[in-house]
Structure formats: structure tokens, C-alpha cells
Amino acid sequence: MGLTDFIQIRRADPIRRSVAERTRDWRELYEQSSDETLRAQGGRCMDCGVPFCQGDTGCPVQNVIPEWNALVKADRWREAAVALHATNNFPEFTGRLCPAPCESACVLGVIEQPVAIRSIEQAIADRAIGEGWVPARPPDRETGYRVAVVGSGPAGLAASQQLRRAGHGVVVFEKADRVGGLLRYGIPDFKMDKTVLAERVRQLADEGVVFETGVEVGVDISADTLRSEFDAVLLAGGAQAPRDLPVPGRELGGVHLAMDFLSQQNRRVAGDVIDDRLGVWAGGKRVVVIGGGDTGSDCVGTCHRQGAAEVHQLEVLSRPPMERDASTPWPLWPHKLRTTHAHEEGCAREWSISTTRLSGDRGQVTTLHGTRTDTGDEFRLDVDLVLLAMGFTGPVREGLLADLGVELTTRGAVATGADHMTSVPGVFAAGDMRRGASLIVWAIREGRDAAAAVDRYLATKASAAVASRANAAALVAGV
Amino acid sequence: MEDTAEGRGLYDPREDRDACGVGFVAHAKGSASREIVRDALRLLQGLSHRGAVGCDPHTGDGAGILLQVPHTFFKRELASIGVRLPAAGAYGVGMLFLPNDPGERRACELTIETIVAEEGRTILGWRDVPVDPSAIGDLARRTAPTVRQVFIPRGTTGDEAFERKLYVLRRQIENAIGTRAGFHVASLSARTIVYKGMVTPEQLPAFYADLRAPDLTSALALVHSRFSTNTLPTWSRAHPYRFLCHNGEINTLRGNLNWMHVREACMKSPLFGDDLHKLYPIIAEDQSDSACLDNAIEFLLRGGRSLPHAVAMLIPEAWEGNPHMDLDRRGFCEFHGAMMEPWDGPALIAFTDGRVIGGTLDRNGLRPARWLVTDDDLVVLASEAGALELDPERIIEKGRIQPGQMFLVDTRVGRVMHDAEIKRDLASRKPYRAWVAANRVGLDELPEPLGVAHTEHEDLVRRQAAFGYTAEELSMILTPMAATGEEPVGSMGNDTPLAVLSHEPQLLFNYFKQLFAQVTNPPIDPIREQLVMSLSVNIGPRTNVLGERPEHARHIRVKSPILTNVALEKIRAMGKADPRFKCKTLRTVFPAAGGGKAFHLALEAMCRKASQAVHEGHTLIVLSDRGVSADWAPLPSLLATAAVHHHLVREGLRTEVGIIVESGEPRDVSQFALLIGYGAGTVNPYLALETLGALARAGRLPNLVDEATAETKFIKAVEKGLLKVISKMGISTIQSYCGAQVFEAIGLGPKLVDRYFTGTASRIGGIEIAQLAEETLRRHSAAFRRPLPVDRLELGGNYHYRNQAEHHNWNPLTISALQQAARTNSGERYAEFARLVNDESKHPSTLRGLVEFVEREPVSIDEVEPAAEIVKRFATGAMSFGSLSREAHETLAIAMNRIGGRSNSGEGGESAERLGTERNSAIKQVASARFGVTTEYLVSARELQIKMAQGAKPGEGGQLPGHKVDAVIAKTRYATPGVTLISPPPHHDIYSIEDLAQLIFDLKNVNPSAMVSVKLVSEVGVGTIAVGVAKARADLILISGDSGGTGASPLSSIKHAGSPWELGIAEAHQALVVNDLRGRVRLQTDGQLKTGRDVVVAALLGAEEFGFATAPLIAQGCVMMRKCHLNTCPVGIATQDPVLRAKFAGAPEHVVNYLFLVAEEARAIMARMGFRALDEMIGRSDLLRARDLSGHWKARTLDLRALLHRPNVAATVATRRVRSQDHPIDSVLDRQLIDAAEPALERRRAVRRSFAIRNHDRTVGAMLSGEVAKRYAAAGLPDGTIRFAFTGSAGQSFGAFCARGITLSLEGEANDYLGKGLSGGRLIVVPPKAARYDPAQTIVVGNVALYGATSGEAYLHGMAGERFAVRNSGAVAVVEGVGDHGCEYMTGGVVVVLGKTGRNFAAGMSGGVAFVLNEDHAFERQCNTGMVALEAVEDDEDVTLLERLIRRHARYTGSGRARRLLASWGASFAQFVRVMPTEYKRALEAQGARHVESIERAIGDLTVHPARGQRQWA
């Protein structure tokens, strides 16, 4: 291997299992690349003087990508795992799920295909777990402080791990019956096998994080109780309020929110039995997914595996260019057409579509009425199932947030200072709840930053306590 | 001149440097005569071009003469005022500069009378010295002192005792009066007297009537013509001093002064007795380096040593690297070396005590010194041959002083003594060699110690963190050092904040910047000229320098200042065995819980304990920070070292002990250099060694280097790095670097500096103890902080950008914004870029970020001069073709030509096909390697830039590895593809300021229409240098900042050498204004300029032109890979790889867009500030003020007043360039040559003429050659078209840049730089026909002949001086002997030496061939075989080539030696050795080429035609 491997070696992405094979099961769709391939791919990294992949233009958790690329190239996987975990609590999540802004910022992308960073990350993370290189690291001292974390999505989990490792007592409140938030119920298993999540949750538990599932703060436990029993509260409840489709016919049967659809399937795979009356199933149906984003794509993939007769995906925005648009030059996140594995499995994609109305028969949706915004043409589409995957508008305001009385931003997210503290002292916020719906990798970053802020807050409290004890002692001594 | 004396801004006038012409005339038998004085004055005038004048063209920098006391003259003179003098030698004469104010003058005289009386002496009388003020310049007249002489009778005291008493008297007088109102004792002696002043050589006898008196006689006379770097009225600083005149500079002065001072405490002398303390301080304050050296020599001389002995002690020859030295002589050097650190620097010292007179050269031999002896016992020594014209028939012997050698005339024994004899006499004075053998202990001889600290500890990571180690340092610094034994190399500049502006806790080391030599002294090449370098350290107490006893040799000799754990324990064990090495360990840690207070207390307690340890008889102090833990934090090792050092200096105890530092902190080269520079004798970096051990054990080092190897290689890398650091300051030995403090502090506060770093420049204030403690504690608490486990070091991010670590100015956001702005010409994107760069509130990083503009009445932007005018002031930085790809290099040139700015060729030459096209670089650089510097190249430029230093690695050379030298680059650089090219650290024709003046003159001659600029790098004192450069008649001075980019440079240099441009441009501007020279020189600055705001700040600080380098590269597509040194630039900019070059996507428009956007931003600011034209803004530093910095815990301590100081000068003093330099090229001899050559130039008709020539006819042939090149380009004229013959002593640079078709022959002799840059012409030098000496044994041309020659021929009948054919890349030369360092760095051509060579022949020679006549088989010893192989001459082609060259030589010069060799050629050729560079040979073989081909190109067909074997030449 030489100094110009970045030119000599071509980019190689992990291989997807064949469409025929993978759409028949719920297992992950990628095959593991060989060590040689990964090492060669790591060797394509140029060890840039200014690595855009980890700068403000790249990885949100600031993964020190050149460092672990070099270690993988050198076959030093264990050190690579240490380097990777230094910035990222859950690289096995991001390795599977991240859209990889690091790769679109990769300097090699200026002249060639960028380094296959994400697959290297996943390989390191999987190997680390497989080899037992990520054991529980409980703190060696307890601070005596207790922190409540509300929500067990990636932000809550990352914060919990950081706080626990700093020696604080951490209790995570999760309203669902299982830990993981969107990771658990939003991400289809073919994208991330849930054993990966379980492994992490076990690590956190072994480190001493206490999980209280099935407890909805604001319902099962009051916000005030939380504040009085904990030294700090971190809100990481996500941005779960979906964007709805306010058109005539929305109320018809067969029109569902994507998240309801996806979470049901996750439960099925986990072995839960879904009540047929509530169940949403795409098998044999003509499905329209409204919304051209990742959730929409997850719906498409899930539909294929359920055996949908046909799947359409409609997007209101215009069709992006095939290549990076001039308006988003390197190293920006490129505006361009993205074709996912789910599209590869078969899907009619249409852009510039505005859905104007749904109509049906006996309370069951049968037709979608739409307008092509570019031409103004109107059209109709026969459907059996409509899935709404148009994103989220922000956190659920009712309940906890209202009870706490935290201020919100104009966009409806929880407002905080740079220190992640909300308008209520001692109450912090992180993740989608603070930021609005975003990437998992941002959630992890948010969780880490918020944990550091909570840690600093508690340290200040500690020194204030020491000072006040000293003052008291001085008073007693008559100084 | 309102603002002259006090240095309130950045410019300190005391930082004066000088250089000069030196000479003496003596009668060997001591016969005094008027003729000696007359000849000396003539000689002085013959050296006048080596001196300088300042802003007033009639005021010289100084000239003077030292004579024997002229008794006959004084007897008559004093009789006329009624004073009867005693017999010759029975009285002392004081030559005094007194205040003009009668009251003050009388007060001085009264003080003198009182002191004389107190010493039991009387005064015979005073004499007013008649002077003619009308004979000198205005400025000199205004500051002229009253000159009087005082006469003191000897009485019954003995001769020597009387001189000693006069010395004691003078020191008391000087101490009592000081330097007030210009008081100065020029001399006070019964033997010698000095007449000197701020005059030109011609004015000296006109000013002093005495010098014209017919009865003023002397047997010897020392003269000096001065070139000073300021224009301040300094009569006292004229030479000669009491014993010497000096050409050069003492680089190690600070350390020498400190050590001399501390020695005072332990000096004893039976000769002085109680008078000794009256002499203190031995070195008076506020003097030039030469005056300090004069003081030191005087002290040793009067303390009982002979003058040669004193000189040899202070300026020793290089002995450590000389295995062939006589053992007694070596003993002398070793003995004295342990006693006195060398006063190191380029120096020609001419000295006399009135009886012996002589000269010596420093070990590097960097100044010229030529001598001759006549048949009537006249001896002349001077900086130049021919300065005193003598009938050649009188001369019986001639020579030059060689490096480290001495030349002496002893008038008492009546003859000349040469080096071998002098040194033999000195070495046999005492059994030095035996003393050393009996007393000195080598570290290797000590037994293996017990209790060596082991290197495996569990808390390694925490302790590393406490000392600030980062993961990046482990991978980028320590690992490569341990793996390769070399310091790591990086590229592009430094874009991280100054330490004082960083939010991260910084090591104290990072507040210091290495100083380096530029212009007034040269850096050294520590690799190729290793023979002068030494890292040996003597451990043990220093002793009385006046004594001379065996105990003086009692030392432990350590070969390197870096100690392993074993070495340290050996020394500790030795201390237990021998009380003379009693060792005390002081712990340099403090309780972390105690905070800043504990830090301070620990520091002070440590100083007290150090004194106590000395009082208890310890002779070694180990400062140890072992034992750092959760509770104990380390004091910064540099602070501990400097604090103890300066504390002991103040207490007068420093000589009693050696300081050893045992610290976990140091790990990179600059850190070791700092510790040693601030007083550490040796350093044990235990944690660095532990770290390497851990890396090795974990298998993390490349090639699985083991622990022992890692340690050895790491130390080796540090040693090499140290050699580089000391040599960039021109210092050769670590011993004289120790305590020399050649650093500048940036961001350290006055209290801290005054107490612990006494004497260090720190010009913008900064942090004090409290913040220093805070930084230490932050590191410590991060390392040992509560629960968060530490299993990993911080990333670092200091060299490569890391998002969560240190700020970098070039980061993903700024780079992408700039690229998008440049590509799309988007004002919006540019505004985004400028905002990111200019918005310093978040990341204060640079000094310019700390200032803001003072609001003024705005003007409409329409009234501001257009951007198209502003961009004409822009230049791009010097980046060579070779470091850049052709595409990138030409893109820059096209862009700059389109906007009327100037691009810079860099130092790699430029393809001939670009000259005269849009791709031609307007600025042609002339750097130390002179790659491709041909006459054609020079005449194609609008500006010729002499690169004295480079921001990223000032004071260092460079290397272009063979694998990067492809066919095109090789052609451009006149080299062979695949063969490594070395750039020497110094220009071998610039060792001092008058040399620079000479090069400027050379360039101006060859291309009179080009501006000559000089590129300097910012450091403290650059103002002083700039003044000197302006006086050397540069048209433009570029002050580069320390942060500029580089294609390859050691990382420690990128980070730790030089200072920011803001300081440099401000200091240079202030200095030039104060000296009233600003009006004649343009100032330019560069160093990471990025925005219009940067341009405005630079203009307000004094710049009228602006250089950009990194930013235009980024506009072209550079993404700051920092891989230029690896040839792997992915965007095709800094690479020669054709695949990568194809990726280049830059275009001239990108650069044009960017620069116009910058100019527009500048215009907007100008409008807001109410300026219509840039010229109005220059130097208006009053319109800048410091921003509110109270929010930054470190930056708030800064004080920017000196930076923003605006000199208060008369309105008539220009503050920007308003007129051109007066270049003295109107009446040069070449004007006659050009007239005479008219038929040749116009019609290619052959011309022949003869001319007389003198040493002041300099650079003869260059202007003529420029005319040829302008008309006929590189092809020149047909061979022999112009043939000019000269008779006499030619001045410097004879035949410089001589073009093809010109033959210059000289009967007589030539000075330095003969054939510099020879470009195809032919030079012939023969001694005078009437010469009575053996030409083959006699010097006929001076030093550095054929430097940078690219083609042509030289035939020299006689010997040449040092550094013959340095950097020759194509010329052919035959010479009959050469001095040291012959053919150094040569890359092409052929040199034939028909005689002896000096030492270090062929060092760094990577190409070309030399043939050396090796009759006595001594050559093998003299040759540096690092890069060459010595082979027999057996190949037919070689034999023929050699024969033909010798035949030519015989024909052109009539050389007897050549004829004899040819007469028996069959036997002769076997006596030659072929010196063949190995890499060159391999490259030629690989290409199937013959080395003779290049010679054929140079001088015509040399192919062997057996049938016509004896074909006649020419």
C-alpha cells in the first residue's frame, strides 16, 4: 500500500444481499465486507491536514475519522475501537443508520469517490462488540448526584452513559415498554437488527444506568416529583409530533401515520402479537407512501417485505439532480437524488406531487387525488393503503413540557442556552426535543454535550456546597 | 530627529549590528614610520565601499585607526603647550570623547582627575585634539564630541603593570561617568592610541589634523571602515576598539555576557589583587558585540595571558570534529573549551596590543582576510586584496587566513608567524593535554549505576496528560523520531493561535520563538559542515578564568546534552564518589490543592534551596519533577530551569554549579533547545523515554522498533534537531548556546520575564505567574480529574485540524467559503469568508485580531481609489516550481500578470520558454541554492528578490529529494533528474550586511531596471536588520511573518521560529522612520494575509505592499492537506505526480476573483475610515487601538502600545517610500565595457580591449552580461566575441553572471565571489607577470568563487579561497588549489584541482565531477565522502577530458604546473582522484547518460575521437 492509495484503490461499498433474498426476511440487508477490503478502504483515507469529514462540515459527533481509518489500515482494530468510542457512544447505530455527512464532506470526494467511512465505522463497531472490546465501564467513584433522563432514544442513551460514567446516578424514564425510542420502534430491523440495540442497553445497565420503562413522565410520575427527587433532569423525549396531511379524506380507513406502521412491524419482529383490528398491513395492497425522506423509504422497504402489490412514493418537492447540485458544492451536504435500497427493491417514485384529496369507499381509502405542481396537471391514483411519512413538527407539547413550564422556541422545540439548560433551572434538554427532528448522530452529539453540561452544572453545585459548608464552618468558628 | 534615543516602540536602537572592512599595515621588524600611517589610511580608503552611509550621505557609519603612541609627535605637540613628556613609553595617553557642554565636560575631566589622583597617579596635561568639523557630514557634526587627550606618567611602575593600572583607571572612569553625553574613552594606553569617529574613511585624516602630521609615525596601524545597521549618532561605536576591530557578529553574545558576569564572583588574580573588583562589570553595559569582545580580550590579556592566547581562548578553532589534529593542540583546545564557552559567530578579528598585531578567523571562516608580505618587511592584512596598491614586484608572499586560524606579526621578534607556529607555542605553554587526560572523565568511563528508574508505570497516561502530551504528539512527533531518528517534517504554515491567545492550556515552551540569523550573520549547515559543530557538554563547576591549573580540567564530559536514565544515575553516583561532583536533587513539583499560591511558593523555595545547595558545596543541581501524582503538579520545567539559573546568576553562584533537568515535560526539539538556552546543561526527558517504551512494547512503532532502539533514535533525532536550532542562529557549539537565550517571548508579562527570563525580549506583555499556574493546574486537573476515567490522551489538533481541539484559521468553513467565493466571484460568499476570518471574538488567534480601527469621518466609497489600483500592490509568495506543479505555478503567474500584481518564481528557477510570456513571474527569486539563476533569468524580472529567510523555517536550508526531481525540474534547476538538490542554510555570498550590499549591487548591475528586494522574516531586531538592508540599498524590503506556508519544513520550525508579521512590519517601519530611511524603501509584508481587513491593518502598521500565498493556493483548490512534502497533493497543486497534476482544477480567474474581493473589502474599510488612497494610510498606527480583551483570561494581560507606537518625527521625515535608492551604478567600469563592446552587442562583431582594474571596481562584467542576455538570451554571443583583459586587483564579484561569448582575463588577483552565477562566459586569472612568489602556492582569487555558476569556464592560475564552486551546477573550472568546503552542494559541471584542497571537500555534492591532484595522498582525509565516492581516473573519456581541460588551462594561463603534468601525462593522470557523487552516478547510469555530456553543453564537444585525439582546443 502506498501514499496514493486514494487514487490506486477504488471505493468499495458493502454488498447488499439480493433483492429477491432480502425482501423475504427481516434481517439486515448488508453483507459484512472482508478485512482486506476494509483495510484497503481505510487506506484510501488521505489523513488530511484539514479533515472536512470531522469538521463542522462533516461528522456531528466529531468522530476522528482519519485516526481510525489509519488504525484499520494498520490492522489495529482494537485501538480503532477505542478511538471510535472516544467520540461516539454508539457507533454500531451510526454505522448502520447515519446518512454519513462525513462522506459528502470527505476531501477525496473533490477528485474521486469519497472514503467509505460509514462501513468502516460499522465494521469497527461490530468487531468491537463481537470481540468483547466494549465492556461495561462503571465509574470508579460515585458523586452522589442523581439525574433523571426522560426518553431512551439515542440522545437519552448517550447522555445516560456519559453521566453514569462520570459517577452520577442515572434513571432513564421511557414511556414505551422497551428502551430505545425511535431506534427501537422507528428503525426497521432490516436496517438495524435489534440485538445491536439490546447489547448496548445491557452495557448501560451493567454500568449502573437504571431503566424505568412503561413510565410516562407527566402521567405516571409528575414533573415536580422528578425535579424534587433528582439533582438534574434531562429531557430527551424526541420530536414525536408528526406532520399530518390536512386534506379531505384524511380520516378514511387505510390512511396511517408512518410511525404507527413501522412500530407495529418492529413489534411483530420482536415477537409481539398485534391485534388484527388495529394492525396495518401492506401485504397484497397498493400502497402510497407520502413523503420522500428516509422514513418514507423505510416504509417502502417494510411494504416490500410485507408483500405489497405495488408501492408508490410521492414527494412534494421537485426531483433533485442526479449529481451534486451547484448550489451545494463540496463540502456541503449535496442536494442530489438519493436512491436507497428500498427503491432498488421496486418503487414508483414521483416528485412535485401535491396530494389534494383522498376519497374512498365505505370508509376505506381507494383513491388519491393529486396535482403535479410543475405542470398543474391533476391525477388520481388507486390505493389501498396510504402511509404518511412527512416528517415531524417537534416535541409533544402537552403533558410533561407543559407541566414543567419550559419555554419553547418559535419552531416549537424546547428552548435552551448553549449549556443545554431550559428556562427551568436544573432541567436540561437534548436531542430532537431541543433541536427538532434530526439525525441519530446529532442525537448522540446532543446527548454527550448535554451530559457534559449537566456534569458541569453538578460540579458547580458541588463547589457551591463546599463553599457554603466552609462559610458555615467559618460562622461557627466565629471567624 | 525627535524620536531617536529612546526605543519606545518595537525598535530598540541598542540592537545595533555592524560589519565592515578591516585591515592593518605593520612593519614586521617594528620600525616606525610615517609611511605605515599613510599606507594604513590608504588601505582604509580602499575599503570604503565596505562601509556605509545612512540617511545623510556625508555621514559615515564610522572609521578609525589604531596606532602606536607617536612619541615624537606628542613630544613636539605637548612642548608647544608647555608640557614636557617623559621618555617614549613612560606615559599613557588617553584619547577621550567628551561632552561639548563646557560644564559637563569639566565635570567629566574632574572625575577623571579625581580617580587618577585616588589611584596615586598624576596628570601631566590635557591636549585639545585639533579637528575640522567642516570635513564631516551634518549628522556627524551635530553629534561630534569634544576630543581631548590626557597624559598620565608611568612613574616607576613596570611596563605591564602600568598598562594594567591604566586599565583599572579606565574602568573606574567609565563606571563613574557612564556613557552620558557621549563620553567615551577611545583608548588609554602607553602603547596604543585610537583615532576614530562617525566619519567616512576619506574624512578621517581630514577631520583629525594629527593624522596628517609628518612626524606622526607608527610601526603598525589597524584600520576599520564600518557598516552599521542604524544611523544613530554613535561616535563611540566606531572601531577600532582598544585592541581590536571586528568584521562580523557575535551570535552567542547574551550567553557570553551572562557567563562573564557570573564568573566575576569566582575570579582571582595576583596581578590585579584588590583592583580586580574595580574592573567590574568586566563587560560594560550597552555596547556592541565587538566592544564586549574587546572587553573580554582585554581582561584576559591584562590578567596575564598573551594576546594570541586570549584570542584563541575566546574564538577557538573547530577541534572536536577534527580527528587529525595534533594532540597537544587538541589538549589546549579541550582544556580551554571547558573553561570558556566560545564567543561564536562570523568574525574576522584584527587585533594588536601595540607590539604584536594579527588577525584570526572564526571556525567557519566566514569573513575574508587576505595578507601579503613585501621584500621590505611590510605586512598588510585586509578584508580585500588590492585595497592597498603595491608594486607587485615588492610582494614576496601572499595568503589568506583560513578558518579557525591565526596570523601574527610580532614586531619584537621581527617576523610573521603562521598558525601552526602560534598554536604550537600556545599548546606547549603548559601540559594541557596531560592535565585533561588526568582530570577529565568521560560519561562512558563511569561504572553502570544502580537504581536506574524503570520505564513501566501504570499511571503513564495520567502523567502524560499532566504534562500536556497529546495523541497527536505521540503519533506525529515521538513515533517518527523513534522510528527514523529524524525530526518529523510537515508542510504549509502555522495557523493556530499564539499561545497567549489559545483557549487551551499551553506549555510555557509555546510562548517562546527561536531567533535565527539573517543578513548580519549567517546560519550554518550543521549536516554538511558538521566538522565545526559540537554537542559536547562539560558537567562540573566553572572556575577562575584567570587561573590555569590542572583542576580546571576536572569535568565529566558528555557527548550530548540529552541524558538517558542510566546516564543521569551515573552522574548521581559519581557525585557520591567525588565531592567535586556532589549532586543535589531539587523537586520541582507543588501541591496541586494549593493552587497558584503553592505554585509560586514552590518556585521561590526552589530558588532558595538552590542557593543553599551551592553553599553546602554541591556542584550539580538536578531539577526533578519526578513524582507527579494526583496531589503533586509539576512546575513548568522551563520556568524551574530559568528561575534557578537567573537566581544563581543574581546571587553570583551560577558558576559553582551545573544544572541538570530531569523532567517529564520536554519531548520535542524546541523544548530541549529552550531548556538549554535558559541554562540547563543537560536534560533527562524521562517521560518521553517512558512513552517511547510504552509505544515500543505495545508494538506501535513502525517496523516494531524495540524500546532500546526507540530511545537511541529519539535522542539522535533530538540531537540533530538541536544542531539545527543552534546553527540557525549561527552558533556551532551547544556549550555556547547554553544560557544564550536566543529566543523571543510572545505573550509573557514583564514581571515574569524580568525575574525569571531576565534579558529576554517580550514586547507585548502577557501572562504572569498566576495564569501560568492556572494553565498547569488545568492540565493537572484534567489528567487526574474526578471519576471520568482517563485511558486516552487529548487529541491535540495542533498540527492537523481537529474539530474539538485547537482552533485553526484554515478550517473547513473558511476553506470552503473562500473556494466558493473565488470560483463564483460571489461577494456574498466572500463576505462569509471574511466574516469567519475577521471575527476574532470567538477565536482570538492573531495579533491583528486584537486591534480595531479608530472611527473617523467616512468618505464615499466612490472616492476611494479603485480596486484595480489596489491589486497592483499585491504579490504572491515565493513558491518554487518544484514545490508547486507547473499548472499551479503558471496559474499564479498568469493571474498576477493580468491584474498588474507580481507573482514570485520562488527559488527553483523558471523555464526559459515562460520568460517574456504571460506566464513569466515578475519577481525572480535569488535564494541560497541559486537554482536556475542565470543571467537570462535575472534580466527577465521586474523585481529580484533576495530570500534571506523563509517564514516557516527561517535560518534553515532545504532539500528536494531526488525522486521529485523529474526531467523538467532538473532542466529548470540545472540539475540531473533523480538527484537530490540541497539548499544551503546561508547564502554563501552573504555572511554579513556588507555582503548583502554587494549582492544587491551585483543584481542591480546585471539588471538595472529591476527593483532589488530583500525578504526577511519577523523576529525581534528585524527593524535593525531592515535599517541595514535599506542602507545596503535594497529597493524593497519584505517582512514575512512566521506563519507562512512551506513545501517541507521540520514541524518544530513551523511552530517555534520567527514571530508574527504584525510585530515585524511595525518594528521595521518604526526603525526605518526613526532612522530617516523609510522614504527610500518600499515595505511589503506577508504571512497568512487573507482579507481586506488584514491589508488595512498591515498598511496602518507600515506596509505599502502585500503578499498572499496560502490564500491564492486555496482559491486554486488547495485544501490544506499538509502533504506537500510527500508529493501526494490530491488537487494537483503541490505535486509533480502526473496523475495528481491532472486533478488540478484551478484557474487564473479564481485567483483574480479572490484578490479583487480582498481589494474591495479593503476599499470598504478605507471608505469607513475616511481614506481615499492607500498611500494615506501607511504607518498610521495611531488609527489602530487594542480591542477590549477583558473577556479573555490570558489575552487581557497583553499590552499593544509598542506595536501601535507611531514614531514622533519631524514632518520632513518620510513615512512611506517617496524616492528611489541611489544605486552607485552610473560610473561603474561596465559602462566603459558596454561602450567598448558596442560592435559586439549590436552586430556580433569581435572586440578586444584592455583595462586597468582596482578593488573598488566591483562586479565587473555583470552589466555587460545583462546587455548580452537581454539581446541574445541564454544562447549569448559566439565564443570569444568579447575579449577584455584587465590588470590589477579586481574587486568582488569579478565576472559575476558573465554571459556566453564573453571572455574576461585578469592579470593580478581577484577578491571574493569571482564568477558568481557564471552563465556561459569564460574567466581567466593569472598572477602579475612580475610576481616573485610561486603562483601555484599562492592565493589568486578569494572566497566563494563560482557560487551558483550554471555554465561557463574558469581557469585560475593559483589557489582559490574557501568554498570554491559552491552550488556549481554546470561550469567547468581549473584551479591550482582550494580552501575548505570546496565544491560544496555542487550539482553539475567539472572542477579540476591541480593542488591541495582544504577540509570538507565535496560536502553535500550531489552532482558533477571533480578531479583532484592527489600527489601526497592527503586528499582522502580532506574529502567529505558522505555523498561521493573517490575513484581512480581510468576511464578513457575521463582521461581525455582531464587532459584537455588541463591543456586549456596551460594555454590560457601559462601555468607551469599544468605544463609539467602534461609533459608526463601518461604518469600524471594516475595521480588524480575522481570525486564522483554516488547518486549522480546512479542516475546517469539509469538514464544511460555520460557525465561529460553536461560539459560538452557547457564548453563544446568533448567526444573522444581516437583518430583526432590531439585535436587543438578553441
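Chains A and B, in that order, are what the protein sequence lines are.
The letter at position 14 of the first sequence is residue 14 when you use my numbering, and the numbering goes up by one with no holes.
In my numbering, each residue's number is its place in the second sequence (first place is 1) plus 10000.
Ideal placement from N, C-alpha and C gives every residue a C-beta, glycine not left out.
Keep in mind it's a predicted model, so treat the numbers as computed, not measured.
| Query | Result |
| --- | --- |
| How many angstroms separate the CA atom of B:L10788 from the CA atom of B:F10599? | Reliability fails at B:L10788, whose pLDDT of 47 lies under 50, so the model's placement of it is uncertain and no value is given. |
| Compare the C-beta of A:T356 against all C-beta atoms of chain B and say whether one is closer than 8 Å. | no |
| What residue range does the alpha helix (DSSP H) around B:S10290 cover? | 10289–10302 |
| Just confirm the distance between the C-beta atoms of B:A11032 and B:L10010, as a whole number of angstroms; I'd bet it's less than 8 Å. | Not really, about 21 Å apart at Cβ, beyond 8 Å. |
| Is the stretch 11193–11207 of chain B in contact with the stretch 10882–10902 of chain B, if contact means three or more CB pairs nearer than 8 Å? | no |
| Using 10 angstroms around the beta-carbon of A:I353, count the other beta-carbons present and answer buried if the total reaches 16, otherwise exposed. | buried |
| Can you give, in chain order, each stretch of the alpha helix (DSSP H) that sits fully within the stretch 10979–11032 of chain B and has at least 4 residues? | 10993–11006, 11022–11031 |
| Using only CA atoms, which one of A:H304, A:R305, A:Q240, A:L337 lies nearest to A:S318? | A:L337 |
| If we require 4 or more residues per run, which alpha helix (DSSP H) segments fall completely within the stretch 10604–10656 of chain B? | 10637–10650 |
| Could you tell me which residues DSSP pairs with B:A10221 in its beta bridges? | B:V10025, B:L10067 |
| Could you give the DSSP three-state label for B:Y11452: helix, strand or coil? | helix |
| Identify the contact partners of A:F6 in chain B, using a Cβ-Cβ distance below 7 Å as the criterion. | P11130 |
| Does B:V11344 come within less than 8 Å of chain A when only Cβ atoms are used? | no |
| Could you pull out every residue in the same chain whose Cβ sits closer than 6 Å to the Cβ of B:G11045, ignoring the five residues on either side in sequence? | M10492, G10493, A11109, T11110 |
| Cβ atoms of B:T11215 and B:T10229: under 8 Å apart, would you say? | no |
| On the three-pair Cβ rule with 8 Å, is the stretch 10394–10413 of chain B touching the stretch 10367–10383 of chain B? | yes |
| Would you say A:L3 faces chain B, with C-beta separation under 8 Å as the test? | yes |
| Might you give, ordered along the chain, the residues of its own chain that have their beta carbon closer than 7 Å to the beta carbon of B:R11248, omitting 5 neighbours on each side? | R11283 |
| Could you check whether the stretch 11273–11282 of chain B touches the stretch 11329–11341 of chain B, counting it as contact only if at least three pairs of C-beta atoms, one from each stretch, sit closer than 8 Å? | no |
| If we call anything under 8 Å between Cβ atoms a contact, is B:S11406 one with B:T11425? | no |
| Is the CB of B:R10763 under 8 Å away from at least one CB in chain A? | no |
| With A:M433 and A:L108 assumed to form a contact (beta carbons below 8 Å), what rounded beta-carbon distance in angstroms separates them? | That pair is no contact at about 36 Å. |
| Three or more beta-carbon pairs under 8 Å between the stretch 10278–10294 of chain B and the stretch 10171–10187 of chain B, yes or no? | yes |
| Does A:P329 come within less than 8 Å of chain B when only Cβ atoms are used? | yes |
| Look at the alpha carbon of B:R10242 and the alpha carbon of B:G10064, and state the distance between them as a whole number of angstroms. | 11 Å |
| Below 8 Å, how does it come out for the stretch 10529–10536 of chain B and the stretch 10753–10772 of chain B: are there three or more Cβ pairs, yes or no? | no |
| Check A:R11 in the structure and name its three-state DSSP category. | coil |
| Consult DSSP for A:D361 and reduce its assignment to one of helix, strand or coil. | strand |
| Tell me whether B:L10648 counts as near the ligand ZN, meaning its Cβ is closer than 7 Å to at least one heavy atom of that ligand. | For the structure depicted, the ligand ZN is absent and the ligand set is empty, with no information on it obtainable. |
| Which of the three DSSP states, helix, strand or coil, is assigned to B:R10587? | strand |
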